[in-house]
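S.K.: Numbering follows my numbering, in which position 60 of the sequence shown is assigned residue number 60; successive positions increment by one, without gaps. Glycine included, C-beta positions come from ideal geometry on N, C-alpha and C. The structure under discussion is supplied below as structure tokens; questions concerning it will follow.
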Amino acid sequence: ILIPFLGLVLAFWFYSARENFKPEMLKGKRVIVTGASTGIGEQMAYHLARMGSHILITARTEAKLQKVVERCRELGAASARYISGTMEDMAFAEHVVKEAETSLGGLDMLILNHVGTSYFDYFNGDVGHVRKLLEINFLSYVAMTVSALPMLKESEGSIVVVSSMAGKVGFPFTVPYSATKFALDGFFSSLRQEFSIQSVNVSITLCILGFIDTENAVRAAAHRLLVPPAPREECALEILKGGALRRRELYYRYGSTRLPLLLRDWAAELLDYLVRSRYRLDSAEKN
Ligand code: NDP
């Protein structure tokens with residue numbers, strides 16, 4: 001009885017001793033947000049603008065980026081600029097980081113959030129698509145991290161990696177996407193270990209998100225999923241809080257139990273069953 005009790009006391013002490021988030025933590029910080037023309041990335045840009053950060057955003061669609069930058073300026077960003085291009089091109093990924101060096105004189109936070117278009121259906125066997133998605137969702141994250149590291153080491157800054165529960169647990173209908181998100185966990189969790197060994201004071205926050213109400217996600221998945229999506233504005237703020245507080249991982253809308261992860265190692269078959277039960281499948285598919 002004593003050991004679980006002491007465990008609970010220690011856990012309570014640990015959580016109450018943790019620093020709380022204050023918007024001033026991001027005031028004046030130089031931040032790159034990728035995939036910020038829509039969805040969660042766009043909302044992160046607006047939160048950062050309200051907090052008074054210097055913002056550099058990127059995505060492919062210039063017209064949308066222009067509008068987001070204008071809004072960021074209205075909301076109070078210390079500065080806001082964009083570069084448009086595709087993350088299929090590693091030279092472009094590196095160019096975005098160079099732009100931060102040239103125009104902001106350094107970098108405090110690198111938020112890797114963009115995601116290439118995929119399908120929400122049974123795996124169709126298209127190996128070329130898996131390769132392309134790995135380039136966009138994984139390799140460009142690696143390329144940007146490598147380019148940004150000298151600046152982040154200097155500022156003792158943060159890397160924020162936006163991932164998904166589909167990057168921790170097997171979900172149906174997202175085979176290529178899940179592969180790219182699992183890859184992010186492997187790369188960034190290993191890198192975090194090396195930073196710790198080498199006393200590199202750059203934090204890495206891996207964000208594990210559930211279903212969020214962005215236009216693209218709702219259009220792709222709402223007809224299949226039996227769970228309601230969570231709000232993107234709140235999600236975006238939680239990601240920024242996790243990054244500013246240098247958290248190791250952030251779970252949005254999974255509560256403190258992180259139930260899927262508890263079950264993953266102890267009752268994998270049960271977890272698989274519970275995951276499938278959250279999808280709308282017709283009777284032919286269930287057999
Ligand atoms: P959106 O589809 O709304 O936004 C994706 C962003 O990435 C857009 O700005 C898009 O802009 C950009 N993008 C797409 N392709 C490329 C490309 N080839 N090169 C550069 N930029 C590109 O995504 P969400 O906001 O829904 O998701 C944001 C993050 O959250 C992603 O990492 C996603 O995996 C994760 N997540 C989302 C969930 C959800 O339910 N929404 C659930 C779990 C995780 P453009 O088209 O102009 O290039």
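(1) Can you tell me where the alpha helix (DSSP H) with T288 in it begins and where it stops?
(2) Less than 8 Å between the C-beta atoms of Y141 and L225, yes or no?
(3) Helix, strand or coil for V161, going by three-state DSSP, please let me know.
(4) From this set, W266, Y251, E233 and C207, which residue's C-alpha is nearest P213's C-alpha?
(5) Tell me M109's beta-bridge partners as DSSP assigns them.
(6) Under 7 Å Cβ to Cβ from A236, same chain only, skipping five residues before and after it: list those, please.
(7) L259 and V169: beta carbons closer than 8 Å?
(8) Can you give the beta carbon distance from E99 to L152, rounded, assuming they're within the 8 Å contact cut?
(9) Measure the C-alpha to C-alpha separation of C72 and P23 and round it to an integer number of angstroms.
(10) Give the single residue among E269, D121, V9 and L112 whose Cα lies nearest to the Cα of L281.
(11) Got a sec, what are the start and stop residues for the alpha helix (DSSP H) Y46 sits in?
(12) Within the continuous alpha helix (DSSP H) that includes S79, where are the two ends?
(13) Determine the DSSP secondary structure at S118, reduced to helix, strand or coil.
(14) Which residues does DSSP list as the beta-bridge partners of E234?
(15) Between G157 and V31, what straight-line distance do the alpha-carbon atoms span, to the nearest angstrom?
(16) Less than 6 Å between C-beta atoms, sequence neighbours within five positions excluded: which residues of the same chain meet that for M87?
(17) Give me the Cα-Cα distance between T180 and A166, rounded to the nearest whole angstrom.
(18) Give the straight-line distance between the Cα atoms of L6 and A91, rounded to the nearest whole angstrom.
(19) Taking 7 Å as the cut-off, does the CB of P228 come closer than this to any heavy atom belonging to the ligand NDP?
(20) When you compare only the Cα positions, how much space is there between F21 and E285?
(21) Any heavy atom of the ligand NDP closer than 7 Å to the Cβ of A268?
(22) Measure the alpha-carbon distance for L8 versus L2 and round it to whole angstroms.
(23) On the DSSP bridge list, what partners appear for C207?
(24) Does at least one heavy atom of the ligand NDP sit under 7 Å from the Cβ of G41?
(25) Would you tell me roughly how many angstroms separate the C-alpha atoms of Q193 and V127, rounded to the nearest one?
(26) Buried or exposed: A63, going by 16 or more other Cβ atoms within 10 Å of its Cβ?
(27) In the structure shown, what three-state DSSP assignment does L56 receive?
(28) Give every residue of the same chain whose Cβ lies closer than 7 Å to the Cβ of G35, excluding the five residues on either side of it in the sequence, and list them in chain order.
M.R.: Put simply:
(1) Not covered by the structure: residue 288. The range shown for the chain is 1 to 287.
(2) Position 141 of the sequence shown holds residue 141. Position 225 of the sequence shown holds residue 225. No, Cβ-Cβ distance for Y141 and L225 is not below 8 Å.
(3) Counting from one through the sequence shown, the residue named residue 161 turns up at place 161. DSSP places V161 in strand when its eight states are reduced to three.
(4) Looking up residue 213 in the sequence shown gives position 213. Per the sequence shown, residue 213 should be read as Asp rather than Pro. Out of W266, Y251, E233 and C207, E233 has the C-alpha closest to the C-alpha of D213.
(5) As a position in the sequence shown, residue 109 is number 109, starting the count at 1. In DSSP, M109 forms a bridge with V31 and S158.
(6) Your numbering for residue 236 matches position 236 in the sequence shown. The answer, listed in chain order, is I40, Q43, M44 and H47.
(7) Counted from its first residue, the sequence shown places residue 259 at position 259. Counted from its first residue, the sequence shown places residue 169 at position 169. It is not a contact, given that the beta carbons lie outside the stated cut-off.
(8) Counting from 1 along the sequence shown, the entry for residue 99 is found at position 99. Counting from 1 along the sequence shown, the entry for residue 152 is found at position 152. Incorrect: roughly 15 Å between the Cβ atoms, too far for contact.
(9) In the sequence shown, residue 72 corresponds to position 72, counting from 1. In the sequence shown, residue 23 corresponds to position 23, counting from 1. In a straight line, the C-alpha of C72 is about 16 Å away from that of P23.
(10) Taking the sequence shown and counting its residues from 1, the one referred to as residue 281 is at position 281. The residue with the shortest Cα to Cα distance from L281 is D121.
(11) One-based indexing of the sequence shown puts residue 46 at position 46. Unbroken alpha helix (DSSP H) run through Y46: G39 to R50.
(12) Translated into positions along the sequence shown, residue 79 becomes position 79. Run containing S79: none in the alpha helix (DSSP H); it sits in the beta strand (DSSP E), S79 to S84.
(13) Residue 118 sits at position 118 when you count from the first residue of the sequence shown. It is coil, neither helix nor strand.
(14) Walking along the sequence shown from the start, residue 234 turns up at place 234. Bridge partners of E234: none, in fact.
(15) Taking the sequence shown and counting its residues from 1, one reaches residue 157 at position 157. Taking the sequence shown and counting its residues from 1, one reaches residue 31 at position 31. If you take the alpha carbons of G157 and V31, they lie about 10 Å apart.
(16) Locating residue 87 in the sequence shown gives position 87, counting from the first residue. Excluding residues within five positions, the ones whose Cβ falls inside 6 Å are A93, H114, I136 and S140.
(17) Here residue 180 is taken as the residue at index 180 of the sequence shown, counted from 1. Here residue 166 is taken as the residue at index 166 of the sequence shown, counted from 1. Cα to Cα, T180 sits roughly 10 Å from A166.
(18) Here residue 6 corresponds to residue number 6 of the sequence shown, with the count starting at 1. Here residue 91 corresponds to residue number 91 of the sequence shown, with the count starting at 1. Approximately 52 Å between the Cα atoms of the pair.
(19) Working through the sequence shown from its first residue, we reach residue 228 at position 228. Incorrect: P228 has no Cβ contact closer than 7 Å to the ligand NDP.
(20) Translated into the one-based positions of the sequence shown, residue 21 becomes position 21. Translated into the one-based positions of the sequence shown, residue 285 becomes position 285. Their Cα atoms are separated by approximately 46 Å.
(21) Working through the sequence shown from its first residue, we reach residue 268 at position 268. A268: no, Cβ never under 7 Å from the ligand NDP.
(22) Taking the first residue of the sequence shown as 1, we reach residue 8 at position 8. Taking the first residue of the sequence shown as 1, we reach residue 2 at position 2. Taking the straight line from one Cα to the other gives about 10 Å.
(23) If you number the sequence shown from 1, residue 207 lands on position 207. Per DSSP, V162 and L250.
(24) Numbered from its first residue, the sequence shown carries residue 41 at position 41. Within the cutoff, so yes.
(25) As a first step, residue 193 is located in the sequence shown; it is residue number 193 there, counting from the start. As a first step, residue 127 is located in the sequence shown; it is residue number 127 there, counting from the start. The straight-line gap from Cα to Cα measures roughly 31 Å.
(26) Translated into the one-based positions of the sequence shown, residue 63 becomes position 63. Burial call: exposed.
(27) Taking the first residue of the sequence shown as 1, we reach residue 56 at position 56. Strand.
(28) Walking along the sequence shown from the start, residue 35 turns up at place 35. Closer than 7 Å at Cβ, skipping near neighbours: G41, A59, N113, H114 and V115.
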